[in-house]
Amino acid sequence: MANKFYLTTPLYYINAQPHIGHSYTTIAADTIARCMRNRYGQQNVWFLTGTDEHGQKIQRAAQASGLDTLSFADRVVLTFKELWKILGISYNDFIRTTEERHKKVVQRVLSILKEKNDIYQAQYEGWYCTPCESFWAQSQLKDNLCPDCQRPVEYITEKNYFFRLSIYQDWLMDYLKRNPLFVRPQIRYNEVVRFLEENRLEDLCISRPKERLSWGIPIPFDSDYVTYVWFDALINYISAVGDFDEKGQYHSLWWPADLQLIGKDILRQHAIYWPIMLHALGIQPPKTICAHGWWLSQETKMSKSRGNVISPVELTQKYSADGLRYFLLRDVPFGLDGNFSEEAIVKRYNSDLANDLGNLVYRTLSMIEKYFSGTIPEIDIWTQSLSKQAEEIKFVVRRLPEDVFKILQPENDFNFSLALERIWELINKANKYIEETKPWNLLKENKKNELALFMRFLVEIIRAINSELSAFMPQTAAFIQQQIGQKVIKKSLPLFPRIETE
-12 MANKFYLTTP LYYINAQPHI GHSYTTIAAD TIARCMRNRY GQQNVWFLTG
38 TDEHGQKIQR AAQASGLDTL SFADRVVLTF KELWKILGIS YNDFIRTTEE
88 RHKKVVQRVL SILKEKNDIY QAQYEGWYCT PCESFWAQSQ LKDNLCPDCQ
138 RPVEYITEKN YFFRLSIYQD WLMDYLKRNP LFVRPQIRYN EVVRFLEENR
188 LEDLCISRPK ERLSWGIPIP FDSDYVTYVW FDALINYISA VGDFDEKGQY
238 HSLWWPADLQ LIGKDILRQH AIYWPIMLHA LGIQPPKTIC AHGWWLSQET
288 KMSKSRGNVI SPVELTQKYS ADGLRYFLLR DVPFGLDGNF SEEAIVKRYN
338 SDLANDLGNL VYRTLSMIEK YFSGTIPEID IWTQSLSKQA EEIKFVVRRL
388 PEDVFKILQP ENDFNFSLAL ERIWELINKA NKYIEETKPW NLLKENKKNE
438 LALFMRFLVE IIRAINSELS AFMPQTAAFI QQQIGQKVIK KSLPLFPRIE
488 TE
C-alpha cells in the first residue's frame, strides 16, 4: 500500500486504572495519526491501541475485587475506552489479548517457533518478581529486591519453555548498526546498543505452569502451560493486522509498523525481544520504536504504590481535553522526563491558550463582526501585494505544514514541543501584526480596502494555524472551524477563558 502509515501504542496492562502515563503515550500517537491522515488521507493510516489482560497480576487483582477474571478485565477496559473518548483519541482498532483473533495468532507463532527448534523445554531455577512477572538472576537483584520495582522476589524451581533469544544477539546488534533510526531518541538507541555490548542475552522463559497461573493463552503443544505475558502481548502488533498462511508465512497490508510508541520502562522488551521474535518468524521489524520519558510527580515516577498517580479525567474536567493534550505535548521534549504540576498547566493554559491563541481568534472574529457585519471579505490575499511584515508572515504560513511534518519524523525524535513552538511563533506574529497595523485606525481613516485585505489575511493565518493545530488539539480545531470556516463567521465565547489564580 503506497503511503501507508501504521502506528501503535503499547498494550496497557489492566491491573490498575489508566493514568497520565497511559494518556501521554496515547495522545502522542493520536497526534501522529492525525498528522499522517492530513498528509496521506484517512484510508492510509492505521492506529492501533489496546489492553494486555493476562498474567498473575490480573488474576490476583480480579480475585481482590471479587470478580471473575474476564469480568474484571471487561470493567477496566471500559475505563480505558471512556478515557480515550474524552481525550479525542482516534484509534482505528482496539485489540485485547483475550480476543480469539489474538489467541489464534499467538498459538500459531508458538507452533512455528517450536517447529524451528527456537523453543525448547528446560528446568528453571531463579528469582521471580510477581508484580513485574519477570525472572531475575541473583546478580541482577539489589538487596534481594526486584531491580525494576524494588519489591521482594521469590525463589522458584520449575520446568518451563524457553525461546532461543541468545542465538540472535549478533543479528540484532548488526541490525541496529545498519538502522540507526530503529530506536529513538538517540539516548535510547545508545542504551540498547550498550546493553548488548555489555551483556550476553539469555534465552527467554515464555511459559508459566497452569498449576501456578491459569489465566493466559494455552501453549498449543503442551496443555499444562500458558504463555508468558510479554511474549503474548508483543504479538498483538501483528495479530491485529494480519495472519499466517499454511506455510507459516505472515501476510498483512499494514506491517511493518512505521512507528511504535512506548514508555522508556519497556524499551528492552520492544527493542530486544520483539525484533528478535519477528526475525525468527521471518518478519521484518518495525521501522521505528520511540521510547518517551516519564511524567514525574515531585521528582519521582508516578505509580499506584507510591500514591502519586494523577487522574487524567479530573484534569480534563478542570482544563479541558485539549488543554491537557497541549500541556503534555508542549511542556517537555518527547524523549525526556517531565515534572508534572497543576501550576505548570495553569501557566501554559493562561499564557499560550487564553492569551495567545484564544485572544487571536476572538479579537479577529470581533473585528469581522464589527467592521464587516460578520461577513469575511472575499479577497485572494495570495495574489495581493502586502506590507513587508505581512509578506514575512505569508512566508511562514506557506512553510508551516512542511515544518511541522518534518519535526514529527524519526530523525527529529517526534518533537511535539518544537512543532507546537513553530505553530505558536505564527500565532505570536499574527497578534503582533494586529497591534502594529492597528486596524481600528484604518477604519477611522476610511481605508476600507486596506482593512478588508488585513482582515482577510488574518482569517487565512488562523485557518493555516488551525489546519496544523487539528492534529494536536482536535476539539479546539473543530470549534475554530465552526466559527471561521465559512463566508460568514459564527462567533462564540472565548476558546479558553482565563483561569484565575490567587
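Quick note on numbering: the sequence shown equals residues -12 to 489 in our numbering. For every residue, glycine included, the Cβ atom is placed at its ideal position computed from N, Cα and C.
Whether residue i touches residue j by CB criterion (8 angstroms)
i: Y107; j: F149; result: yes
i: V296; j: H9; result: no
i: L482; j: T463; result: yes
i: L344; j: G310; result: no
i: E432; j: P388; result: no
i: V213; j: S226; result: no
i: I1; j: V64; result: yes
i: L152; j: E102; result: no
i: V228; j: Y27; result: no
i: L315; j: Y111; result: no
i: L268; j: V96; result: yes
i: A220; j: T(-5); result: no
i: S457; j: R21; result: yes
i: I380; j: A417; result: yes
i: I259; j: L159; result: yes
i: T18; j: F459; result: yes
Inter-residue spacing [alpha-carbon to alpha-carbon] between residue i and residue j
i: T488; j: L347; result: 22 angstroms
i: E178; j: R171; result: 10 angstroms
i: N79; j: H266; result: 27 angstroms
i: G75; j: K251; result: 24 angstroms
i: E145; j: F81; result: 35 angstroms
i: G325; j: E301; result: 19 angstroms
i: R187; j: R385; result: 51 angstroms
i: L57; j: H41; result: 10 angstroms
i: H257; j: E408; result: 30 angstroms
i: I497; j: N342; result: No information on residue 497 is available, as it lies outside the stretch -12 to 489 that the chain covers here.
i: S98; j: F208; result: 7 angstroms
i: S307; j: V475; result: 27 angstroms
i: P461; j: Q247; result: 22 angstroms
i: I486; j: T66; result: 28 angstroms
i: K357; j: R312; result: 33 angstroms
i: S284; j: S298; result: 12 angstroms
i: V391; j: Y(-1); result: 29 angstroms
i: F382; j: C133; result: 55 angstroms
i: P273; j: W242; result: 8 angstroms
i: F182; j: N223; result: 26 angstroms
i: S52; j: F59; result: 8 angstroms
Close-in-space but distant-in-sequence residues of the same chain around residue i (CB under 7 angstroms, 5 per side omitted)
i: P364; result: A439, M442 and R443
i: N337; result: R485 and I486
Beta-carbon separation (whole angstroms), residue i vs residue j, contact threshold 8 angstroms
i: V216; j: D105; result: That pair is no contact at about 19 angstroms.
i: P397; j: L168; result: 4 angstroms
Nonlocal neighbours in the same chain, by C-beta distance under 6 angstroms from residue i, ignoring five residues either side
i: F122; result: G113, Y115 and C192
i: Y349; result: P481
i: E545; result: Here the chain has residues from -12 to 489 only, and residue 545 is not among them.
i: Q4; result: T66
i: D211; result: K197
i: E447; result: I368
8 angstroms Cβ shell around residue i - same chain, five flanking residues per side excluded
i: D318; result: G325, A331, R335 and S404
i: D130; result: none
i: I449; result: L347, V348, T351, A417, I467 and I471
**Ranges of the beta strand (DSSP E) found wholly within the segment 205 to 281, counting only runs of at least 3** = 209 to 214, 229 to 231, 237 to 239, 246 to 250 and 276 to 279
**Item:** Uninterrupted beta strand (DSSP E) stretches inside the segment 107 to 182 (no shorter than 3 residues)
**Value:** 121 to 123 and 141 to 150
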